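Encoded as structure tokens, the structure appears first; notes follow it.
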Ligand code: ADP
Ligand code: MG
């Protein structure tokens with residue numbers, strides 16, 4: 002029975018396992034490290050996850066969904082064909098796929114996982130993630146903040162030396178910046194800041210817009226397919242610029258070729274505001290942690306967008322410190338989650354290491370302001386407090402002859418409760434008091450597993466307690482029903498996954514291609530499909546290699 006670490010990303014997911022004393026990257030059924038966090042239905046109505054689903058985003062938009070992690074913990078629904086799914090259910094489908102592939106890779110059952118989540122995830126999003134794991138048949142006792150995982154991977158690689166680090170995690174749609182401290186085998190997150198609306202997609206958008214403007218194309222005039230094709234090329238051009246001094250982006254639309262040449266200086270110019278926005282959380286995290294750059298041992302860059310040399314250079318420029326480059330931005334978080342799995346299973350190598358965490362948001366109760374009588378927040382646990390933490394605050398009566406207090410508990414940073422997330426309510430009764438006299442003490446206890454406990458003790462010494470977070474959002478009955486529904490879903494057979502990917506890829510290319518070349522492609526596709534249908538393994542192996550080479554030659 003293995004415990005694996007999973008980086009469940011908005012754009013890509015991957016897994017690692019801790020075995021023989023070290024974290025090991027798990028390859029998926031296609032032999033790749035990254036599995037795109039994209040789910041869809043194939044032509045037979047079976048669920049597909051990953052690369053083939055991603056290829057079908059353009060050709061089968063109604064049967065494919067992506068980026069659902071953004072709405073984790075909400076009721077937002079996504080259609081896959083006729084069926085409606087929540088982000089949690091789709092995440093559970095991705096997790097199931099990761100689990101199945103990992104079991105195939107390891108040759109043993111996977112029972113448990115440590116899953117990484119963004120530091121800014123609130124309790125709803127965290128519970129939803131844990132439940133997604135449960136729905137996928139995976140036990141998940143611990144989540145790990147993505148930046149903590151990145152720092153764990155760094156420390157694993159560089160030896161557990163004392164020091165304070167900045168972690169910049171720049172993914173497909175989110176940016177997280179954190180300050181992490183490692184001292185005497187104890188790892189602690191000092192502060193986190195981020196922008197959950199900033200990521201690699203913003204560079205794609207900038208290149209997309211530049212391409213359209215340079216070629217006199219109006220976005221609104223493009224068909225959905227053409228838009229998708231231009232967008233796809235924009236991303237590929239961005240990725241090419243990470244290793245080449247310049248890149249030519251060209252797309253054929255209605256038999257006409259449009260193109261533009263880009264270099265990194267141009268990219269910096271057209272995505273100027275994206276770079277600027279990267280600076281904000283860096284400034285904020287330093288301010289929150291009261292740290293200066295000189296006190297940092299190193300800057301750790303993770304997330305696909307940190308592969309851009311322009312990003313590393315920008316961070317070096319604004320901080321005056323060259324970031325570390327020997328950590329693989331794609332796998333660092335999963336490796337950290339794998340190391341965490343090792344710590345959790347009390348592996349020999351980690352027996353002295355303790356992980357601490359911080360509360361990424363403030364918690365408190367609503368009170369009436371003395372002067373305006375407006376409802377305002379009284380914060381009890383401040384954002385970035387080290388976990389576990391337990392804090393108490395005393396409250397007084399507002400009216401004369403008051404014999405009851407109602408405490409609404411909120412999570413969030415706004416001074417006005419109405420802008421924060423309400424977690425629950427506790428009401429307590431006591432012998433009447435006059436305005437200004439002590440009524441009750443409220444204690445909030447937030448533990449390392451994300452469990453929030455509220456104790457209200459009246460002046461008469463009576464205590465009321467409630468667990469507000471960490472308990473399941475769905476009831477046991479709802480969980481059972483959802484589980485049953487998800488179990489009925491048939492996953493596409495992973496035996497033929499590579500064939501399906503090649504077919505999906507060829508279909509996508511056909512949609513994007515210049516008309517006269519289409520016939521050749523269709524011919525090749527049908528030939529390959531016929532071979533797949535015949536099911537002669539030797540023939541298939543030979544033809545598959547040829548077909549792949551043919552497609553590689555095109556795109
Ligand atoms: P997430 O954490 O959101 O799942 P990742 O960390 O996998 O995402 O990052 C995905 C983003 O990284 C995408 O926007 C992708 O375009 C970008 N990316 C991946 N490789 C490169 C590269 N070599 N150069 C620039 N951007 C890249
Ligand atoms: Mg990520």
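In the working numbering, the protein residues as written are 2 to 556.
Ideal placement from N, C-alpha and C gives every residue a C-beta, glycine not left out.
Note that the coordinates shown come from a computational prediction; the quantities given were computed from them, not determined experimentally.
Do you know offhand how far residue 308's Cα is from residue 343's? Rounded to whole angstroms, residue 308 to residue 343 spans 28 Å at the Cα level.
So which of 165, 71 and 509 has the shortest CA-CA distance to residue 287? Ranking the options by Cα distance to residue 287, first place goes to 165.
For residue 372, the three-state DSSP class (helix, strand or coil): Assignment of residue 372 by DSSP, reduced to helix, strand and coil, places it in the coil class.
Going by C-alpha distance, which of 278, 540 and 140 is nearest residue 177? Comparing alpha carbon positions, the residue from 278, 540 and 140 closest to residue 177 is 278.
Pull the bridge partners of residue 572 from the DSSP assignment, please. Outside the shown range of the chain, which is 2 to 556, sits residue 572, and nothing can be said about it.
DSSP three-state label for residue 128, please. Looking at residue 128 - three-state DSSP - the assignment turns out to be helix.
Does at least one heavy atom of ligand 2 sit under 7 Å from the Cβ of residue 334? Result yes, Cβ under 7 Å from ligand 2.
Look up residue 195 in the DSSP assignment and give the residues it is bridged to. Paired residue(s): 177.
From this set, 402, 90, 365 and 32, which residue's C-alpha is nearest residue 133's C-alpha? Cα-wise, what sits closest to residue 133 is 90.
Under the three-state DSSP convention, the category residue 210 falls into: Secondary structure at residue 210: helix, using DSSP grouped into helix, strand and coil.
From the DSSP output, read off the bridge partner residues of residue 40. According to DSSP, residue 40 bridges with 50 and 66.
Residue 637: first and last residue of the uninterrupted beta strand (DSSP E) it sits in: The shown model of the chain, from 2 to 556, leaves out residue 637, and the question about it has no answer.
Verify whether the separation of the beta carbon atoms of residue 36 and residue 18 is less than 8 Å. Using a Cβ distance threshold of 8 Å, residue 36 and residue 18 do not count as a contacting pair.
Please list the terminal residues of the continuous beta strand (DSSP E) segment that includes residue 250. First-last of the beta strand (DSSP E) with residue 250: 247-254.
Could you check what DSSP says for residue 89 in three-state terms: helix, strand or coil? DSSP, reduced to helix, strand and coil, places residue 89 within a helical segment of the structure shown.
Can we say the segment 268-278 touches the segment 204-216, given the rule of at least three CB pairs closer than 8 Å? With contact defined as three or more Cβ pairs closer than 8 Å, the segment 268-278 and the segment 204-216 are in contact.
Would you mind giving the Cβ-Cβ distance between residue 88 and residue 65, rounded to the nearest angstrom? I have them listed as a contact below 8 Å. Not a contact, Cβ separation roughly 15 Å.
Which residues in the same chain have their Cβ closer than 8 Å to the Cβ of residue 379, if we skip the five residues on either side of it in sequence? Close CB contacts of residue 379 within its chain, under the 8 Å cut and outside five residues either way in sequence, are with 365, 366, 367, 368, 394 and 396 (chain order).
Tell me whether the beta-carbon of residue 306 lies closer than 8 Å to the beta-carbon of residue 300. Result no, Cβ atoms of residue 306 and residue 300 do not sit closer than 8 Å.
Looking at the unbroken alpha helix (DSSP H) that takes in residue 454, where does it start and where does it end? Following the DSSP letters along the chain, one finds residue 454 in no alpha helix (DSSP H) but inside the beta strand (DSSP E) bounded by residues 453-459.
Within 8 Å, strictly: CB atoms of residue 457 and residue 441: Result yes, Cβ atoms of residue 457 and residue 441 sit closer than 8 Å.
Restricting to Cα atoms, I'd like to know which of 425, 244, 152 and 552 is closest to residue 509. In terms of Cα proximity to residue 509, the closest of 425, 244, 152 and 552 is 552.
Under 8 Å, with one C-beta from each stretch per pair, do the segment 118-130 and the segment 39-56 reach the 3-pair mark? Segments in contact, no.
Taking just the CA atoms, how far does residue 376 sit from residue 415? Straight across, the Cα-Cα distance linking residue 415 with residue 376 is about 12 Å.
If we ignore side chains and look at the alpha-carbon of each, how far apart do residue 266 and residue 320 end up? Roughly 20 Å separates the two Cα atoms.
Between the segment 19-33 and the segment 90-103, do three or more beta carbon pairs fall short of 8 Å? With the cut-off at 8 Å, the segment 19-33 and the segment 90-103 touch.
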